[in-house]
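*Asks:* Residue numbers (the working numbering), protein chains in the order written: chain A, 1 to 485; chain B, 1001 to 1461.
We put the CB at the ideal spot given by N, CA and C, even for glycine.
Quick one: the structure is below, and I'll ask about it shortly.
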Amino acid sequence: MLEQIKQQIDRLKARGATYADARYYPFEESNQLFMQNGNLKNASSSRESGVGVRVLYKGAWGFAASSDLSDLAGLFDRAFENAKAAAERVTFPIRLAEKDAIQAQFASPCQVNPFEVPLSEKVAFLKAMDERMNQPGVFLRNAYLTFMRKQIVFVDSEGSQIEKLITEVFAGLEVDGMDSQGVMHERKFRLGQMGKPTRGWESIDLDLFAANAERIVRELNEMLAAEDCPKEDRSVILLPGIMYLQTHETIGHALELDRILGYELAYAGGSFVTLDDFGKLRYGSEKLTVRADATLPNSPGSFGYDDDGVPAQNVLLIDKGILVGAITGRQMVEEANARAHKQIFNGSGGANRATAFYRVPIERMTNINIDPGTDGTLDDIIANTERGIVLDGDRSWSIGSNREQFHFATEIGWLVEDGRKTKVVKNATYKGFTLPFWNSLSAVGDESTWQLQFVENCGKGQPNQIMQLGHGIPVCRFDNVRIGE
Amino acid sequence: MREKILQTLRDLRAYALSKGYEVSIDYHEEDSALMRFANSAISLNTSEHIIRLSVTAYAGRKRAGYDLITDLAKMDEMKMAVDTAAEMVQHAQPLAYQPTLPVFTEDFADESNFDPALAALSSEEKLAYFNAAAQGLESDEVKLSGILSNGATTLAQINTRSEHTQFFRFSDAQATVVLSHLKLKWEVQAEQSAHTRSVLDPQPVHRDLALLLRLYQREMPVSLPLGRYDIVFGQAAIADLISMMNWIGFNGGSMKRGFSMLGEDKVGQRVFSEKITLTDNPARPETFPFRRDFMGISRHRFPFFEAGVFKGFAWFQDDADEFGAQPTGHTVMHKSLILEGGEKDLPDLQALVEMPRENDLLYIPFLHYMNIVNPSKGLVTASSRFGALYLKKDGSLAIPYNVRLTESLLDIFGEKVAWLSKQTAPYNTSMSYGARNPTAMVVPLFMCVKDLEISHSNTSY
Chain A
1 MLEQIKQQID RLKARGATYA DARYYPFEES NQLFMQNGNL KNASSSRESG VGVRVLYKGA
61 WGFAASSDLS DLAGLFDRAF ENAKAAAERV TFPIRLAEKD AIQAQFASPC QVNPFEVPLS
121 EKVAFLKAMD ERMNQPGVFL RNAYLTFMRK QIVFVDSEGS QIEKLITEVF AGLEVDGMDS
181 QGVMHERKFR LGQMGKPTRG WESIDLDLFA ANAERIVREL NEMLAAEDCP KEDRSVILLP
241 GIMYLQTHET IGHALELDRI LGYELAYAGG SFVTLDDFGK LRYGSEKLTV RADATLPNSP
301 GSFGYDDDGV PAQNVLLIDK GILVGAITGR QMVEEANARA HKQIFNGSGG ANRATAFYRV
361 PIERMTNINI DPGTDGTLDD IIANTERGIV LDGDRSWSIG SNREQFHFAT EIGWLVEDGR
421 KTKVVKNATY KGFTLPFWNS LSAVGDESTW QLQFVENCGK GQPNQIMQLG HGIPVCRFDN
481 VRIGE
Chain B
1001 MREKILQTLR DLRAYALSKG YEVSIDYHEE DSALMRFANS AISLNTSEHI IRLSVTAYAG
1061 RKRAGYDLIT DLAKMDEMKM AVDTAAEMVQ HAQPLAYQPT LPVFTEDFAD ESNFDPALAA
1121 LSSEEKLAYF NAAAQGLESD EVKLSGILSN GATTLAQINT RSEHTQFFRF SDAQATVVLS
1181 HLKLKWEVQA EQSAHTRSVL DPQPVHRDLA LLLRLYQREM PVSLPLGRYD IVFGQAAIAD
1241 LISMMNWIGF NGGSMKRGFS MLGEDKVGQR VFSEKITLTD NPARPETFPF RRDFMGISRH
1301 RFPFFEAGVF KGFAWFQDDA DEFGAQPTGH TVMHKSLILE GGEKDLPDLQ ALVEMPREND
1361 LLYIPFLHYM NIVNPSKGLV TASSRFGALY LKKDGSLAIP YNVRLTESLL DIFGEKVAWL
1421 SKQTAPYNTS MSYGARNPTA MVVPLFMCVK DLEISHSNTS Y
């Protein structure tokens, strides 16, 4: 198959293509299990294979994909014809940033292949968790396991050939309960890195899940008896269960270079960031340093090489509050530098990824991480807060189309008065404008507060693509934030 | 092609029966194409041909599934999918209820919603559409974005309970055309949904874009003070609000799980304005309708709200099985939702802008990134986007920076509804996650709701 693909790439080059690549998926498999109130509502697996072909012709992209590999020439021709049609309307001819021709292999760290674990063992795990959550106050209990494994062979017309084997494990628990007014509340636990060096079945730690099942049930019951969150301005202390989403929505998406350049305006939206802002914009307080680090050893945001064939990197995005970098791929950095008439970006940041063989690669978050700070533990931060609220868990999120403002609802809140937690509140929300919010960052927790959270369903692009990634974040405190609306 | 697909399913059924399996087999085939514009150029031109096979195996109260991306020539691979699902179900855990495997009593095929000319729209035709929709409107600062997605979707079903099959085939197109200012960052948009080639017409899109562009280039932007406003929602916003209601309003499973603003005690009561009549009507071809559901139930007009009175919940088969309810023919990929129009004669955006008005009106055509803050209360939040207008009662207008609403659906569709436009049109709500599923609902062009709160107002575009 590989030789046939290479022949087709050579053929398109001979026909006038300036660049071509193909991503061949010998297989991509998934296994999903979902138990609700003891019912195994979903026990399913899937398998797919196919080829996606990308062709650059006279400065325009064409793409075609198929699971039917019996007519490779026809598939490559379709991609080429699509590029020729797109070349009828070009305003900024696409160029790709330089990269090395790479012959390489990558495998994500995995000790026990989850696809070799018997289904009965997985179901037993869910059943054990379901029983653990089946306690007074819990109206609805959910437990899920999701496993993915895919082999991708990337070949391009510049001499690269990269083979990747990626294994993903996602798992979580959720309990829901109804308060005396008939309003539903929820509390979740999702598997993150949790200090584990690998990402296979071995990361499903029964003791870890059992302890968290007990915790979320306890916190749900505290919430059911709690008062509503007050409507006022307070310091908000965000735990990793909501801090990851704040980072994701108002730093990650805002710094995708294709959004900044207007390539997502038809759907996902743009960004308040402009090319003039790099090196100058004070995005946050001096306590804020952010990286796009695709080199972490165990995260869905680490993938060895992106779908341009560029090695994964650790890219500085925000340095002590100043915007210095973006989430980039080969096409966008060239266009950004040309449009800005200066060298903002020194090559691709290696963040161009596609969700499947039948989707085209676009800029995606890797692991968008905030460096740990020097403001101590969570207890230290609470002790140094006069009037605040500790928030955790994502319940709802909505962000302006240029990522300039946001509204989040969290699962739970704990009011803080004079340096100590006083009581739990329910229906906690907060909102703000992105830049003033990040500039109000007044405390960043140390490494003891830092967690790598996994995201399994980030949506972007047309046709829409679901991507997996990570966020390593510490506990953070922001001042004068509106809550309770 | 239909016969080849159905014969493949029959062969797989025969294989399953020979092994003593109890399975249902679902086939999904898509021919998808999409031309995407950004910065006044074609940024992407794609075509994908994908065949998905889903096998669900049953053993008493146990159920397990196996999905495959494949092609019709790979019979061995498809048989492997049947074997794998049958193997998996042995290790599954019994449900607390008996899941229903339907018995199709006759063959059913519906290709009445398939127009080959729309399914096979060429790149040249798509480019011509964009050129016409944006003719004379682009400049050095105003750039064209958008998509024109078209394709064909084929669905087929069989199971071991019966030799009969179900077959559906649709064609569809969705056009979204956006003009945005490179530096100021405002955006205006016009959209179109098509179920036949003849419906696809760039002229109405061009008309609305030209009007919005003129207003956005001429009028002053304002940051609206926080407070309460009479709001006119456009088609996209109305459709998005109804999509949320479809989830946390009249869905029986959501209600039983506590994720609904309506309880069983509300059936038969007036919960919305009497101006609100919302039905599921598979007789409307603009909605890419399913005339049978996936359980073989014949689908007919089904009212959810009539003159504001809640008529009943929609039940998926699995939810009905779990909670002991009667299935309502809603085991489908999408409903055919119709929000009836009102009495206000407003055929287009120009008419709204020129309409005499007693109060200031905030026109919000599109709600960006709507999410549910509290399902029990029907509370949702979203920001305005794509061409909002502030229509003052003195006849003048201003361009509002985007604002945020956090309101309950019970209020938005409740007594605060002032009027709905007489004119309705299909609005395409297709999501491009996963398998192709052309979806549209028919809604009024405009709906005015009084006294809603703006809780957040931007200070720039």
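(1) Does the beta carbon of HIS1028 of chain B come closer than 7 Å to any beta carbon on chain A?
(2) Mind pulling the chain B residues with CB within less than 7 Å of ARG78 of chain A?
(3) How close, in whole Å, do the beta carbons of PHE437 of chain A and PHE408 of chain A come, if the pair is a contact with beta carbons under 8 Å?
(4) Does the stretch 1291 to 1309 of chain B come close enough to the stretch 1124 to 1131 of chain B that 3 or more CB-CB pairs lie under 8 Å?
(5) Taking the alpha-carbon of ASP71 of chain A as reference, which of A:VAL90, A:GLY50, A:GLU88 and A:LYS84 has the nearest alpha-carbon?
(6) Could you check whether LYS99 of chain A and VAL310 of chain A sit closer than 7 Å to each other, using their CB atoms as the reference points?
(7) One question on the structure: do PHE1366 of chain B and ALA1237 of chain B come within less than 7 Å of each other, judged by their Cβ atoms?
(8) Any Cβ of chain A within less than 7 Å of the Cβ of SER1455 of chain B?
(9) For MET76 of chain A and PRO136 of chain A, I'd like the C-alpha separation in whole angstroms.
(10) Taking 7 Å as the cut-off, decide whether the C-beta atoms of SER157 of chain A and LYS287 of chain A are in contact.
(11) Indicate the three-state DSSP secondary structure (helix, strand or coil) for LYS127 of chain A in the structure shown.
(12) Given that GLU1187 of chain B touches chain A, what residues does it touch there, using C-beta distances under 7 Å?
(13) Compare the beta carbon distance of ARG1299 of chain B and PRO1282 of chain B with 7 Å and say whether it is the shorter of the two.
(14) Can ASN134 of chain A and GLN36 of chain A be called in contact, C-beta distance under 7 Å?
(15) So, are the CB atoms of SER1457 of chain B and LEU1224 of chain B less than 7 Å apart?
(16) Is PHE1304 of chain B helix, strand or coil by DSSP?
(17) What is the residue span of the beta strand (DSSP E) that PHE170 of chain A lies within?
(18) Relative to the alpha-carbon of ASP1321 of chain B, which residue among B:THR1100, B:ARG1013, B:GLU1048 and B:ASN1045 has its alpha-carbon at the smallest distance?
(19) Taking Cβ to Cβ, would you say SER1047 of chain B is nearer than 7 Å to ALA20 of chain A?
(20) SER108 of chain A and THR167 of chain A look like a contact to me (Cβ under 8 Å); what is the Cβ gap, rounded to whole Å?
(21) At what residues does the alpha helix (DSSP H) containing ALA1119 of chain B begin and finish?
(22) On a CA-only basis, which of A:VAL424, A:GLN193 and A:ASP394 is nearest GLY470 of chain A? Give me that one, please.
(23) Closer than 7 Å, Cβ to any Cβ of chain B: which residues of the stretch 175 to 208 of chain A, in chain order?
(24) Within 10 Å of its beta-carbon, does LEU191 of chain A have 16 or more other beta-carbons around it, so buried, or fewer, so exposed?
(25) Is the separation between the beta-carbon of LEU296 of chain A and that of ASN367 of chain A shorter than 7 Å?
(26) Looking at the unbroken alpha helix (DSSP H) that takes in GLU1124 of chain B, where does it start and where does it end?
(27) Would you say THR295 of chain A faces chain B, with C-beta separation under 7 Å as the test?
(28) The ligand NAD and VAL1442 of chain B: does the residue's C-beta get closer than 6 Å to at least one heavy atom of that ligand?
(29) Please report the straight-line C-alpha distance between PHE1386 of chain B and ALA1175 of chain B, rounded to a whole angstrom.
(30) Closer than 7 Å by beta-carbon distance: list the chain B residues that pair up with SER38 of chain A, in chain order.
(31) In this structure, what does DSSP give as the bridge partners for THR1406 of chain B?
(32) For chain A, find out if any of its Cβ atoms is closer than 7 Å to the Cβ of THR1100 of chain B; answer yes or no.
(33) Tell me which residue opens and which closes the alpha helix (DSSP H) that THR434 of chain A is part of.
(34) If I follow the unbroken beta strand (DSSP E) through ARG1291 of chain B, where does it start and stop?
(35) Can you give the Cα-Cα distance for VAL217 of chain A and MET178 of chain A, rounded to whole angstroms?
(36) In whole angstroms, what is the alpha-carbon distance linking GLY393 of chain A and MET243 of chain A?
*Replies:* Reading off the structure:
(1) Locating residue 1028 of chain B in the second sequence gives position 28, where the first residue counts as 1. Chain A, which has no Cβ nearer than 7 Å to the Cβ of HIS1028 of chain B, makes this no.
(2) Along the first sequence, one-based indexing puts residue 78 of chain A at 78. When 7 Å is used as the limit between beta carbons, ARG78 of chain A is near these residues of chain B: SER1047, in chain order.
(3) The sequence position of residue 437 of chain A within the first sequence is 437, counting from 1. The sequence position of residue 408 of chain A within the first sequence is 408, counting from 1. The beta carbons of PHE437 of chain A and PHE408 of chain A sit about 11 Å from each other, so the pair does not count as a contact at 8 Å.
(4) Contact between the stretch 1124 to 1131 of chain B and the stretch 1291 to 1309 of chain B is not established, with fewer than three Cβ pairs separated by less than 8 Å.
(5) For the purposes of this step, residue 71 of chain A is taken as the residue at position 71 of the first sequence. Cα-wise, what sits closest to ASP71 of chain A is A:GLY50.
(6) Within the first sequence, residue 310 of chain A is the residue found at index 310, counting from 1. Within the first sequence, residue 99 of chain A is the residue found at index 99, counting from 1. Yes; because the gap between Cβ atoms is below 7 Å, this pair is in contact.
(7) The count along the second sequence starts at 1 and reaches residue 1366 of chain B at position 366. The count along the second sequence starts at 1 and reaches residue 1237 of chain B at position 237. Contact flag set, yes.
(8) Indexing the second sequence from 1 puts residue 1455 of chain B at position 455. At least one chain A Cβ lies under 7 Å of SER1455 of chain B.
(9) Here residue 76 of chain A refers to the residue found at position 76 of the first sequence. Here residue 136 of chain A refers to the residue found at position 136 of the first sequence. Sequence inspection shows Phe at residue 76 of chain A; the Met mentioned does not correspond to that position. Straight-line Cα distance between these residues: approximately 59 Å.
(10) Within the first sequence, residue 157 of chain A is the residue found at index 157, counting from 1. Within the first sequence, residue 287 of chain A is the residue found at index 287, counting from 1. Contact flag unset, no.
(11) Here residue 127 of chain A corresponds to residue number 127 of the first sequence, with the count starting at 1. LYS127 of chain A falls in the helix class under three-state DSSP.
(12) Working through the second sequence from its first residue, we reach residue 1187 of chain B at position 187. Neighbourhood of GLU1187 of chain B in chain A, by CB distance below 7 Å: LEU265, in chain order.
(13) Taking the first residue of the second sequence as 1, we reach residue 1299 of chain B at position 299. Taking the first residue of the second sequence as 1, we reach residue 1282 of chain B at position 282. In this structure, PRO1282 of chain B lies closer than 7 Å to ARG1299 of chain B by Cβ.
(14) The sequence position of residue 134 of chain A within the first sequence is 134, counting from 1. The sequence position of residue 36 of chain A within the first sequence is 36, counting from 1. No, these two residues do not count as a Cβ contact at 7 Å.
(15) Numbered from its first residue, the second sequence carries residue 1457 of chain B at position 457. Numbered from its first residue, the second sequence carries residue 1224 of chain B at position 224. Judged by beta-carbon spacing, LEU1224 of chain B lies within the 7 Å limit of SER1457 of chain B, meaning their Cβ atoms are closer than that value.
(16) Numbered from 1 along the second sequence, position 304 holds the residue referred to as residue 1304 of chain B. When secondary structure is reduced to three states using DSSP, PHE1304 of chain B falls in the strand class.
(17) The residue labelled residue 170 of chain A in the question sits at position 170 within the first sequence. Bounds of the beta strand (DSSP E) holding PHE170 of chain A are 161 to 178.
(18) Counted from its first residue, the second sequence places residue 1321 of chain B at position 321. Checked all of B:THR1100, B:ARG1013, B:GLU1048 and B:ASN1045; the closest Cα to ASP1321 of chain B is B:THR1100.
(19) Within the second sequence, residue 1047 of chain B is the residue found at index 47, counting from 1. Within the first sequence, residue 20 of chain A is the residue found at index 20, counting from 1. When the beta-carbon positions are compared, SER1047 of chain B and ALA20 of chain A stay at least 7 Å from each other.
(20) Sequence index remark: in the first sequence, residue 108 of chain A carries index 108 (1-based). Sequence index remark: in the first sequence, residue 167 of chain A carries index 167 (1-based). So it is a contact: roughly 5 Å between Cβ atoms.
(21) Numbered from its first residue, the second sequence carries residue 1119 of chain B at position 119. That run of the alpha helix (DSSP H) goes 1116 to 1119.
(22) Counting from 1 along the first sequence, the entry for residue 470 of chain A is found at position 470. Ranking A:VAL424, A:GLN193 and A:ASP394 by Cα distance to GLY470 of chain A puts A:GLN193 first.
(23) Per Cβ criterion, the list reads ASP176, MET178, GLY182, VAL183 and MET184.
(24) Here residue 191 of chain A is taken as the residue at index 191 of the first sequence, counted from 1. By the 10 Å Cβ count, LEU191 of chain A comes out buried.
(25) By one-based count along the first sequence, residue 296 of chain A stands at place 296. By one-based count along the first sequence, residue 367 of chain A stands at place 367. Remark: C-beta atoms of LEU296 of chain A and ASN367 of chain A approach each other more closely than 7 Å.
(26) One-based indexing of the second sequence puts residue 1124 of chain B at position 124. It spans 1123 to 1133 - the alpha helix (DSSP H) in which GLU1124 of chain B sits, taken as one unbroken run.
(27) Reading the first sequence from its first residue, position 295 is the one you call residue 295 of chain A. No, no contact with chain B.
(28) The ligand NAD is absent from the structure shown, which contains no ligands of any kind.
(29) Along the second sequence, read from residue 1 onward, the residue named residue 1386 of chain B stands at position 386. Along the second sequence, read from residue 1 onward, the residue named residue 1175 of chain B stands at position 175. Across the structure, PHE1386 of chain B and ALA1175 of chain B are spaced so that their CA atoms are roughly 15 Å apart.
(30) The residue you call residue 38 of chain A lines up with position 38 of the first sequence. The amino acid at residue 38 of chain A is misidentified as Ser; the sequence shows Gly. Neighbourhood of GLY38 of chain A in chain B, by CB distance below 7 Å: ALA1096, in chain order.
(31) Residue mapping note: residue 1406 of chain B aligns to position 406 of the second sequence, counting from 1. In DSSP, THR1406 of chain B forms a bridge with B:THR1381.
(32) Residue mapping note: residue 1100 of chain B aligns to position 100 of the second sequence, counting from 1. No Cβ of chain A is located within less than 7 Å of the beta carbon of THR1100 of chain B.
(33) Here the question's residue 434 of chain A lines up with position 434 in the first sequence. Boundaries of the alpha helix (DSSP H) around THR434 of chain A: 434 to 439.
(34) Counting from 1 along the second sequence, the entry for residue 1291 of chain B is found at position 291. That residue, ARG1291 of chain B, is in no beta strand (DSSP E); it is neither H nor E in DSSP.
(35) Locating residue 217 of chain A in the first sequence gives position 217, where the first residue counts as 1. Locating residue 178 of chain A in the first sequence gives position 178, where the first residue counts as 1. So the alpha carbons of these two residues sit roughly 13 Å apart.
(36) Position 393 of the first sequence, counted from the first residue, corresponds to residue 393 of chain A. Position 243 of the first sequence, counted from the first residue, corresponds to residue 243 of chain A. Looking at the backbone, the Cα of GLY393 of chain A and that of MET243 of chain A are separated by about 9 Å.
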